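Position 199, counted from 1, in the sequence shown is what the UniProt record's numbering calls 199; the numbers after and before it change by one each time, with no gaps.
Positions of the beta carbon are idealized from the N, C-alpha and C atoms, including for glycine.
Remember, predicted model here, so these are calculated numbers, not experimental data.
The block underneath contains the structure these notes are about, expressed in structure tokens.
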Amino acid sequence: MRYDSITEAIGNTPLVRIDRAVHGLNNIDLYAKLELLNPFGSVKDRAAWNMARPHLAAMAEEGGQVVELSSGNTAKALAVLAGMHGLTFKSVTNRMRIPEIKDLLLLLGAEIEELPGQSECLDPTATDDPLTLFHRTLSEPGGTHLHTDQYFNPRNTEAHFTGTGPEIVKDLDGRAPDWFIACVGTAGSSTGVARALREHDPAVRVVGLVAAKSDFIPGIRTIDEAHEVGLFDPGTYDTIEAVSADDAIEGMLTLNRRCGILAGPTGGAAYFGAVRQLREADRELTQRQSAAFIVCDRVESYLSYVRRRRPDLFGSPRRRNSPADLPESAIRTAPAIGVTDAQAWIATGEPLVVDLRSPYAYAALHIDGSVNIVDELFEELLHGGLPFSRNRPVLLACPVGEKSARYAALLTRMGHPDVRSLTGGIIAWRDAGAPLVRD
1 MRYDSITEAI GNTPLVRIDR AVHGLNNIDL YAKLELLNPF GSVKDRAAWN MARPHLAAMA
61 EEGGQVVELS SGNTAKALAV LAGMHGLTFK SVTNRMRIPE IKDLLLLLGA EIEELPGQSE
121 CLDPTATDDP LTLFHRTLSE PGGTHLHTDQ YFNPRNTEAH FTGTGPEIVK DLDGRAPDWF
181 IACVGTAGSS TGVARALREH DPAVRVVGLV AAKSDFIPGI RTIDEAHEVG LFDPGTYDTI
241 EAVSADDAIE GMLTLNRRCG ILAGPTGGAA YFGAVRQLRE ADRELTQRQS AAFIVCDRVE
301 SYLSYVRRRR PDLFGSPRRR NSPADLPESA IRTAPAIGVT DAQAWIATGE PLVVDLRSPY
361 AYAALHIDGS VNIVDELFEE LLHGGLPFSR NRPVLLACPV GEKSARYAAL LTRMGHPDVR
421 SLTGGIIAWR DAGAPLVRD
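Pasting the structure below:
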């Protein structure tokens, strides 16, 4: 098979049947769409090429720059495409959380700009958020940048409506699967594939998978973050379920070790969520059905992410005082305090206020007198024991109050007598009109 350009190799990825002995479903054939075999390594190759292709030639004549608000696979694909056309690429993000991706972007010649932001993701409703302001500036007509705008560009969805979805139908001998299970990031692939499958068969059931609110899974948003994306439409999905980081890693290991599919955590989350969702339906079926999920990218880019959460997989013992070991019941009952009471407590009780967000979010706006300890660093501190004196009350704050609740539960279990989580996080504090300061 010969091509004149690497871009001709984008798409037409294999659809692989998962052995029934692995997933344990008796009446459902489960298929994996291997988007990790796209030439730049991920499902985002399709959207990046479809969004950029109409403009690259003209942009190359003008000598402009390709810009995208991305810290992951879309940025990687656009960096390659820009370089092929003699253009530079800039990745704008609130926070680069995967070091392997950051290193690869730098290797590809990308410029990385980490802007302050009040939350980890672009929130178009936050009109004073620097990341939102930058997005609006890029979106204005007449600029010198090619802004592909993956969160709102319909060509993101179109790439999967005309490509990924029809390919699944073709490989199933002209039949749409009865089920489609999709992780929700920008919502481009899940929306486009769902539309294509339902156009072929309106009865297709679509399951959207989001990250558990207190977890970070690369490429998957929490339900709150998903609602900030212009392409996200809850009506696309028959149901939306949450998966945890531990679920994603377990699913990834199954695909890696049992199926020979070197999927990353997003593909692992899709597999885990698919089997969990289908198991109940499988028991009630009397006729065979089929289901498909997408393996988004490869495991090699996420070894540091996996190592931090599962050191035992690399020959090291699991670390003590890990928030991952907490039961959900402990997190739900963690000591918490609302904005009004927190203001009174700060005024009279003098707690140490710890802001767990990124340095850029903290620099944008934070509670006066708070200290910034990024959540990953905070977790590292906890492995060594209580990082604060038991005599000092502590108030923990994060974007929406989920991560802080987990850490409040852990510190309580470790013996701290007075630690509380700010209910609703910095977003609730801001929305209540409570004062915030800027560095």
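The stretch 360-376 and the stretch 412-420 do not touch, with fewer than three beta-carbon pairs separated by less than 8 angstroms. Contact annotation, L69 with T93: C-beta distance approximately 6 angstroms; criterion of less than 8 angstroms satisfied. Counting along the chain, Q289 sits inside the beta strand (DSSP E) bounded by residues 289-295.
In this structure, the alpha-carbon of G219 lies about 19 angstroms from that of T254. By the neighbour-count definition (other C-beta atoms within 10 Å, threshold 16), P54 is an exposed residue. Around the beta-carbon of G109, fewer than 16 other beta-carbon atoms lie within 10 Å, marking it exposed.
The stretch 295-302 and the stretch 35-47 touch, with no fewer than 3 CB-CB distances between them shorter than 8 angstroms. L105 places its beta carbon less than 8 angstroms from that of A79.
Distances from the alpha-carbon of A334 to those of S404, A47, Q150, R438 put S404 closest. Cβ atoms of V67 and H145 come within 8 angstroms of each other, at about 5 angstroms.
Considering only L34, A57, R95, the residue with the shortest C-alpha distance to G268 is L34.
Counting only residues of its own chain and dropping the five nearest sequence neighbours on each side, T191 has a CB closer than 7 angstroms to the CB of T157, L231, D233, T236.
The continuous alpha helix (DSSP H) containing I331 extends over residues 328-332. Counting of Cβ neighbours within 10 angstroms places S329 among the exposed residues, the total staying below 16. Annotation for G83: F89, L108, G109 place their beta carbon closer than 8 angstroms to its own, counting only its chain and skipping 5 residues before and after. Under the three-state reduction of DSSP output, G268 falls in the helix class. For K102, the enclosing alpha helix (DSSP H) has its first and last residue at 99-107.
Residue burial is scored here from C-beta neighbours: S370 has at least 16 other C-beta atoms within 10 angstroms and is therefore classed as buried.
Around the Cβ of E113, a 10 Å sphere holds fewer than 16 other Cβ atoms; the residue is exposed. Going by C-alpha positions, A336 is about 34 angstroms away from A274. Where S304 is concerned, there is no enclosing beta strand (DSSP E), although the alpha helix (DSSP H) around it starts and stops at 303-309. Nearest C-alpha to I181 among S322, G208, I331: G208. Here M59 is buried: its Cβ has 16 or more other Cβ atoms, across all protein chains shown, within 10 Å. For the pair D178 and V206, the CB atoms are not nearer than the 8 angstroms cut-off. Setting aside the 5 residues that flank it on each side, T412 is surrounded in the same chain by A334, P335, V419, each with a C-beta closer than 7 angstroms to its C-beta; the list follows chain order. At least 8 angstroms separates the beta-carbon of V339 from that of V394. A residue is called buried once 16 or more other Cβ atoms fall within 10 Å of its Cβ, and F378 is buried on that count. Counting along the chain, the unbroken beta strand (DSSP E) around K33 starts and ends at 28-34. Within its own chain, the residues whose Cβ lies closer than 6 angstroms to the Cβ of A196, once the five positions on either side in sequence are excluded, are F161, G165, P166, listed in chain order. Minimum Cα-Cα distance from E8 among the listed residues S71, L30, G163 corresponds to G163. Membership of E114 in any alpha helix (DSSP H) is not indicated; the residue belongs instead to the beta strand (DSSP E) covering 111-114. Going by C-alpha positions, P351 is about 22 angstroms away from R332.
Looking at the backbone, the Cα of A281 and that of V169 are separated by about 22 angstroms. Taking C-beta atoms as the reference points, M414 and L386 count as a pair closer than 8 angstroms.
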